[in-house]
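Visitor: Structure incoming, see below.
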Amino acid sequence: GKGEGGFTVALLERNHEGLRMGPRHIPLSAAFMNGTVEGDDVWIPMECILGGQERCGFGWHMFVECLAEGRGVSLPAGSIGIARSVACGVGAYARVRKQFRVPIAEFGGIQEAMALSGSDGLIAVAGGDLMNAIVDNHEAPMVVSSIMKQNCTERGRRILERGMDIAAGSAICRGEKNYLGNAYMSVPIGITVEGANIMTRSFQIIGQGLTRCHPHMLELILSLQVPDTASKKEMDEAQQKFIKQLKLVVQHGATNFGRSVVRGVGSTFSTMTRSKKAYKNGDDLLAHHEKQLLRLSANFALTADLCFTLGGKLKFEELLMGRLADALGAIFLGYSTLHHYSRRRGIDGLEAVTEHAMLRLEKEGQDALKEAADNFPGPLGGVASVVMKLGCFPMGGFTRPYRSPNDSLTKEVSKLLTTPSEVRDMFQENLFVTKEGDEKIHQISDLIRALPVCCEADRIAATIRREKRDPTPNEADVIAEADALRDVLIQVDVFEHATKEEASEGYVRPALAGTIDRLSNADRKSFAA
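The letter at position 129 of the sequence shown is residue 173 when you use this note's numbering, and the numbering goes up by one with no holes.
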């Protein structure tokens, strides 16, 4: 027959003879179907095989190719949806909800959580846009899709956790008004499937790409794979090729070391002397952070060269590979974020969110490389650690200049997400919002529409307090409308019966039934005594 050895992919109808759709799983109450497919003596016509007879045995190739595209697009898309929902829904809720007569958006802890969610959301959106463009270009990069899957799903989880912290009780009580609960329950699905994030981070990202991404290492390895039966001429050619590639590997490593030192010192001084408000100039924002990413790229290249001192044992040093995956992910997503800003820089306030995101990514990359240098394994680990520290951080702690965003920037980003702004409008893109007047409950839509009214009411209230006067009739109407909206939007769902079983006549909750039995036994014992 045609094709190759291996498993084959076929598409069969549900009622195909011999095929049984078995019992279903319930993956954390998620909506998509997931279950077993069984069959005995199932006859598969050749026309049902994907690609026909010529593609028999190509199932693994098809699987890997689809996995590279699918996990880099579909799973990050879920995290992007979470980011948009939290930015728009929870951002509005933080302004609508009041505590001690003050919107909780004015509390420092809430501002920190909102700013982190906003910058993580921007990183996910930017990475998703770039990954989609790569797939549209008919490319299927395994390493990039692994970075996207692992990074975006992890950031999506953190975004949702912060959203739950802010929404608090309204995110705990399930029902139509709770738009976070089901997502919170199902978010581990994207983290654990198609290569669990633990495996993706500590094995796949670096293990798949380190050798093939090196410009000379693969040729060096191939030059050693000459069979013993080769002719003397072939052996001589292989030897010459090995010597040539070895020289190129050494030259490449020396170049990376020098480049890492020069860029490390230069980027440190540019970071230390940069104004805290320099990001407001878009050109400066792009130029500065591109320089920092070039520095981190040089640091990473040097570290990757040093990893070859481990030889085949590298695949077992998963702690090291995990840290390098963090650094590589920060670099890739940093470039994605800058690319996103360069395309959308007309959005007012985007500079602040981009600055917040880039500062965090640069610190993530720096910390990952520092931890890798401190814990470099292997027989030559001590030597490699010294070389790495000299190359990446030639002046010690002074050449580790990246810090977390300052408080003023955090407050600015939080304000952009909790008041009407073009940044909120950007996050609202591709987010479903019901038509005004729709009687169906859709909490995110209601919060989005209530935000301008509540902000205007707060502005009026602050003005009349400052001027020590009563509100005008129009101002009083706005305040009353905002109070009415707040009263509705902070409510949670309540149920007479949580399930259909509880609604049946004579139903007694199991916990209560056990309590009655225990109390009855206790009464009998006390009477007998």
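All residues carry an ideal CB built from backbone N, CA and C; glycine is no exception.
Quick check: what's the CA-CA separation for residue 327 versus residue 179?
Guide: If you take the alpha carbons of residue 327 and residue 179, they lie about 29 Å apart.
Visitor: Can you list, in chain order, the residues of its chain with a C-beta nearer than 6 Å to that of residue 166? Leave out the 5 residues immediately preceding and following it.
Guide: Same-chain partners within the cutoff: 397 and 401.
Visitor: For residue 485 versus residue 214, is the C-beta spacing smaller than 8 Å?
Guide: No, they are not a contact pair.
Visitor: I'd like the list of long-range same chain contacts for residue 79, defined as Cβ closer than 8 Å, with 5 residues on each side in sequence excluded.
Guide: Taken in chain order, the residues that qualify are 65, 66, 67, 68 and 69.
Visitor: Within its chain, find whatever has a CB closer than 8 Å to the CB of residue 118; leave out the 5 residues flanking it on each side and keep chain order.
Guide: No residues qualify anywhere along the chain.
Visitor: DSSP state of residue 574, grouped into three classes?
Guide: Any answer about residue 574 is impossible in this case: the structure gives the chain only from 45 up to 573.
Visitor: By the three-class DSSP mapping on this structure, what secondary structure does residue 80 have?
Guide: Strand at residue 80.
Visitor: Among 469, 483, 507 and 506, which has the Cα closest to the Cα of residue 492?
Guide: With distances taken between Cα atoms, residue 492 lies closest to 469.
Visitor: Which residues mark the beginning and the end of the alpha helix (DSSP H) in which residue 208 is found?
Guide: That run of the alpha helix (DSSP H) goes 186-211.
Visitor: Check for me: the beta strand (DSSP E) holding residue 66 runs from which residue to which?
Guide: 63-68 is the span of the beta strand (DSSP E), which, as asked, contains residue 66.
Visitor: For residue 92, which residues from the same chain have a beta carbon less than 8 Å from its beta carbon, with the 5 sequence-adjacent residues on both sides left out?
Guide: Closer than 8 Å at Cβ, skipping near neighbours: 54, 55 and 56.
Visitor: Exposed or buried, residue 223, counting other C-beta atoms within 10 Å across all chains shown (16 or more means buried)?
Guide: Answer is buried; the Cβ neighbour count reaches 16.
Visitor: Could you compute how far the alpha carbon of residue 62 sits from the alpha carbon of residue 83?
Guide: So the two alpha carbons sit approximately 5 Å from each other.
Visitor: Check each candidate in 334, 121 and 448 and name the one with the smallest Cα separation from residue 192.
Guide: When each option's Cα is compared against that of residue 192, the closest is 121.
Visitor: Under a three-way DSSP split, which group does residue 252 fall into?
Guide: Note: residue 252 maps to helix in three-state DSSP.
Visitor: Using the beta-carbon count (16 or more within 10 Å), is residue 208 buried or exposed?
Guide: Buried: at least 16 other Cβ atoms inside 10 Å.
Visitor: Report, in whole angstroms, the separation of the C-beta atoms of residue 432 and residue 417, which I expect to be a contact under 8 Å.
Guide: Right, their Cβ atoms sit about 4 Å apart.
Visitor: Closest to residue 501 by C-alpha separation, out of 104, 171 and 145, would be which residue?
Guide: Considering only alpha carbons, the answer is 145.
Visitor: With a threshold of 6 Å on Cβ separation, who are the neighbours of residue 457 within its own chain once the five nearest residues in sequence on each side are excluded?
Guide: Taken in chain order, the residues that qualify are 159, 162, 396, 397 and 400.
Visitor: Could you round the C-beta distance between residue 102 and residue 49 to whole angstroms and report it? I think they count as a contact, below 8 Å.
Guide: In fact, because the Cβ distance is near 10 Å, the residues do not count as touching under 8 Å.
Visitor: If we count Cβ pairs, one from each stretch, closer than 8 Å, do we get three or more for the region 541-548 versus the region 502-510?
Guide: No: fewer than three Cβ pairs fall under 8 Å.
Visitor: So, using beta-carbon positions, are residue 365 and residue 251 closer together than 8 Å?
Guide: Result yes, Cβ atoms of residue 365 and residue 251 sit closer than 8 Å.
Visitor: Hey, could you find the ends of the alpha helix (DSSP H) residue 422 is sitting in?
Guide: No alpha helix (DSSP H) contains residue 422, which DSSP labels as neither H nor E.
Visitor: Taking one C-beta from the region 303-315 and one from the region 329-340 each time, how about it: are there three or more such pairs within less than 8 Å?
Guide: These segments touch.
Visitor: If we ignore side chains and look at the alpha-carbon of each, how far apart do residue 263 and residue 289 end up?
Guide: The straight-line gap from Cα to Cα measures roughly 7 Å.
Visitor: So, for residue 444: in the same chain, excluding its five sequence neighbours on each side, which residues have a beta-carbon less than 7 Å away from its beta-carbon?
Guide: These residues qualify, in order along the chain: 410, 414 and 437.
Visitor: Distance, Cα to Cα, residue 124 vs residue 340?
Guide: Cα-Cα distance, rounded: 26 Å.
Visitor: Given residue 238, which residues of its chain have a CB within under 8 Å of its CB, disregarding the five upstream and five downstream residues?
Guide: Cβ neighbours of residue 238 beyond the five flanking positions: 111, 114, 115, 119 and 193.
Visitor: Report back the beta-carbon spacing between residue 169 and residue 127 to the nearest angstrom; my notes put them in contact at under 8 Å.
Guide: That pair is a contact at about 6 Å.
Visitor: So, helix, strand or coil for residue 147, using DSSP?
Guide: Residue 147: strand per DSSP, three-state reduction.
Visitor: Whole angstroms is fine: what's the gap from residue 573's alpha carbon to residue 540's?
Guide: At residue 573 the pLDDT is 49, less than 50, meaning the model places this residue with poor confidence; the figure from the coordinates comes in the next sentence. Taking the straight line joining both Cα atoms gives about 41 Å.
Visitor: Would you kindly report the start and end of the unbroken alpha helix (DSSP H) that includes residue 332?
Guide: That run of the alpha helix (DSSP H) goes 326-351.
Visitor: So, are the CB atoms of residue 497 and residue 526 less than 8 Å apart?
Guide: Yes.
Visitor: What whole-angstrom Cβ distance do residue 265 and residue 71 have, given they're in contact under 8 Å?
Guide: The pair is not a contact, with the Cβ atoms about 42 Å apart (cut-off 8 Å).
Visitor: Should residue 360 go down as buried or exposed, given a rule of 16 or more other Cβ atoms within 10 Å for buried?
Guide: Exposed.
Visitor: Have a look at the DSSP bridge pairing and note the partners of residue 54.
Guide: Per DSSP, 93.
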